[in-house]
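Chains as they are written, first to last, in our numbering: chain B, -1 to 300; chain V, -1 to 300.
Note that the Cβ used here is the ideal one computed from N, Cα and C, for glycine as well.
Here the structure is a predicted model, which means the values were calculated and not measured.
Here the structure comes first, spelled out in structure tokens, and everything after it is commentary.
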């Protein structure tokens, strides 16, 4: 069944210890949509300018992504981000950011999208995420991602968001920042105490933790072990998109589906970090995905 | 069957973000021996002074550890270490170290120990580890641990050690330091290229990686998720001791035994970090161990 994804779409310049890339496809919704597209039908809602390269539109189309909700603003420029990663990918800085067309973004769902059963609110401002929530009709499962910027600048809306969705995803640093708990198990529990029905804390190369709900035992996956990382950008977005795509494809949000969604998220994220942008993930075959998925499960099956 | 453990035994003063403890039982062999004692018969080889508290000897005895190889030097003082952990346990410094009786340590195995089928060379100088290797007769499986100090000061002996044992264990920082590879999958492969038959890289709160041999797929375990850590000292030693105790108890070093040894190591290490010294681990019941082991496996079983 269909998965609605709303978030940022942009053009990135990226410098990492492994190299650099200019004018690549970026944005939380781009990564999430492409990752999910291997698993379920995807409806993408976002905004770009008329400078948005046709090859990026074609990439979305090749992945079968429904672009009815993609707003292309004539004469406007697409959101741009320049980022740099430091030694061993341990930290990153935003070198430049130009909101451009994003500044006036006010997502309006096409009528057909309002009844999407699965909804992923990829990283955009919590104000916009809440406005999308107001437009969907009784979705089966809504997940939201966020980032440190919103936790710092608009914490009350992040708190409101958390209470309105079925699952909140954060990375480790964001979870620590939001909860004040430096221990991630404590941080996950604090997210549940803050009203999250369920929470995922993404730990990058160290895997991810799932807190399925108050009083329920946590679940964890290690990451897909990789000997070489090229660009971590979008790993968390790919994880989340694949997680939601998996739930939509299984039409289940029961604990076994949530657990296998954690594994699927890890697999998709692993392709993302092996190249800049969606260079590697977008061109995978289903056979390649299945092969890596099987190999990955073998790395932690007793 | 019997597991021979050789390493350091000492008295620690420890300061962590969670508190402090003075005059506690420390040393790589102490942690390894107590962790292994829940799984197999343990023979402990080490050296202490006559100031070594009787209560520590009694702790070893209560755990059924064979102390025939424990040298107590009259009039000499026991090895002492003072350590301090910084914010969120991310780094530690040695505040004071007194080798004392350790300075003249030259391990001599009791005759009965020479044919021990399983041998763990816990962290001491590689010179002493190699001298123990010269004294054992055709052991079935030998594992060795080491530390950054020896990698910096005596790398050639560490290299020699790695080629002579069946398994080398290092933590993540040591593996990066020794191999020059910042990526841990690459570091593990580099350990195999350096002649290790198998390697384990311990990642603390992020679990551990097993490289079972050249060309064999790696195996990984997440750590036991804990909401509160008190003192990480000895976690790696407990992991290694439990790992070896598990192999000895199963009388197997085949891949399935190595994999379940990774899980057993994680369980024992988790008790260690929940209190100072062996305060929590040493007083566990087998029922408590089994309960945590079962719960832990559930955290990453799909």
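(Q) Taking beta-carbon pairs under 9 Å, can you tell me which members of the region 215 to 236 of chain V lie near chain B? (A) 215, 216, 217, 218, 219, 220, 221, 223, 224, 225, 226, 227
(Q) List, in chain order, every chain V residue whose beta-carbon is nearer than 8 Å to that of residue 257 of chain B. (A) The answer, in chain order, is 300.
Q) What does residue 167 of chain V pair with, by DSSP beta-bridge criteria? A) V:143, V:198
Q) Among all the DSSP beta bridges, which residues are the ones paired with residue 100 of chain V? A) Per DSSP, none; premise fails for residue 100 of chain V.
Q. Is residue 10 of chain V helix, strand or coil by DSSP?
A. strand
Q.
Can you find the residues in the same chain that come closer than 6 Å, C-beta to C-beta, to residue 266 of chain V, ignoring five residues on each side of it along the sequence?
A. 33, 236, 240
Q | Identity of the residue in B:8, B:209, B:238 nearest residue 225 of chain V by Cα | A | For the residues B:8, B:209, B:238, the minimum Cα distance to residue 225 of chain V belongs to B:209.
Q: Report, in whole angstroms, the separation of the C-beta atoms of residue 58 of chain B and residue 77 of chain B, which I expect to be a contact under 8 Å.
A: So it is not a contact: roughly 16 Å between Cβ atoms.
Q: Please confirm whether residue 197 of chain B and residue 166 of chain B have their CB atoms less than 8 Å apart.
A: yes
Q: Please decide whether residue 67 of chain V counts as near chain B, where near means a Cβ-Cβ distance under 8 Å.
A: no
Q) Using the beta-carbon count (16 or more within 10 Å), is residue 285 of chain V buried or exposed? A) Under this definition residue 285 of chain V is an exposed residue.
**Q.** Integer-rounded CB distance, given that residue 42 of chain B should sit under 8 Å from residue 67 of chain B
**A.** 6 Å
Q) Which residues share a DSSP beta bridge with residue 318 of chain B? A) For residue 318 of chain B there is no data in the structure shown, the boundaries of chain B being -1 and 300.
Q. Within 10 angstroms of its Cβ, does residue 124 of chain V collect 16 or more other Cβ (buried), or is it exposed?
A. buried
Q. For residue 10 of chain B, which of B:2, B:4, B:24, B:253 has the nearest alpha-carbon?
A. B:24
Q. Rounded to whole angstroms, how far is the Cβ of residue 3 of chain B from the Cβ of residue 27 of chain B, which I believe are closer than 8 Å?
A. 5 Å
Q.
Going by C-alpha to C-alpha distance, which of V:82, V:0, V:47, V:145 sits closest to residue 17 of chain V?
A. V:82
Q: Can you tell me which of the three DSSP states residue 133 of chain V falls into?
A: coil
**Q.** Distance, residue 160 of chain V Cα to residue 211 of chain V Cα
**A.** Within the model, the alpha-carbon separation for residue 211 of chain V versus residue 160 of chain V is close to 13 Å.
Q: Could you have a look at residue 184 of chain V and say whether DSSP puts it in helix, strand or coil?
A: Helix, per DSSP.
Q: Just tell me which of B:30, B:229, B:20 has its CA closest to the CA of residue 51 of chain B.
A: B:20
Q: Would you check if the distance between the CB atom of residue 229 of chain B and the CB atom of residue 271 of chain B is smaller than 8 Å?
A: yes
Q) residue 118 of chain V lies in the beta strand (DSSP E); which residues open and close that run? A) 116 to 119
Q: List the residues that DSSP assigns as beta-bridge partners of residue 47 of chain V.
A: V:71
**Q.** Cβ shell of residue 61 of chain B (< 6 Å), same chain only, five flanking positions each side left out
**A.** 32, 35
Q.
Pop quiz: residue 222 of chain V and residue 298 of chain B are said to be a contact at Cβ under 8 Å. What is the actual Cβ separation, rounded to whole angstroms?
A. 14 Å between Cβ atoms; not a contact.
(Q) Counting only beta-carbon separations shorter than 8 Å, does residue 17 of chain B have a partner in chain V? (A) no
Q: Leaving out five residues on either side along the sequence, give the residues of the same chain with a beta carbon under 7 Å from the beta carbon of residue 306 of chain B.
A: The question about residue 306 of chain B has no answer, for chain B in this structure spans -1 to 300.
Q: In the DSSP assignment, find the beta strand (DSSP E) that holds residue 225 of chain B and state where it starts and stops.
A: Segment: none, residue 225 of chain B is in no beta strand (DSSP E) and carries neither H nor E.
Q. What are the start and end residues of each continuous alpha helix (DSSP H) run of 4 or more residues lying completely inside the region 193 to 278 of chain B, in chain order?
A. 233 to 248, 253 to 270
Q.
Rounding to the nearest angstrom, what Cα-Cα distance links residue 153 of chain B and residue 1 of chain B in this structure?
A. 27 Å
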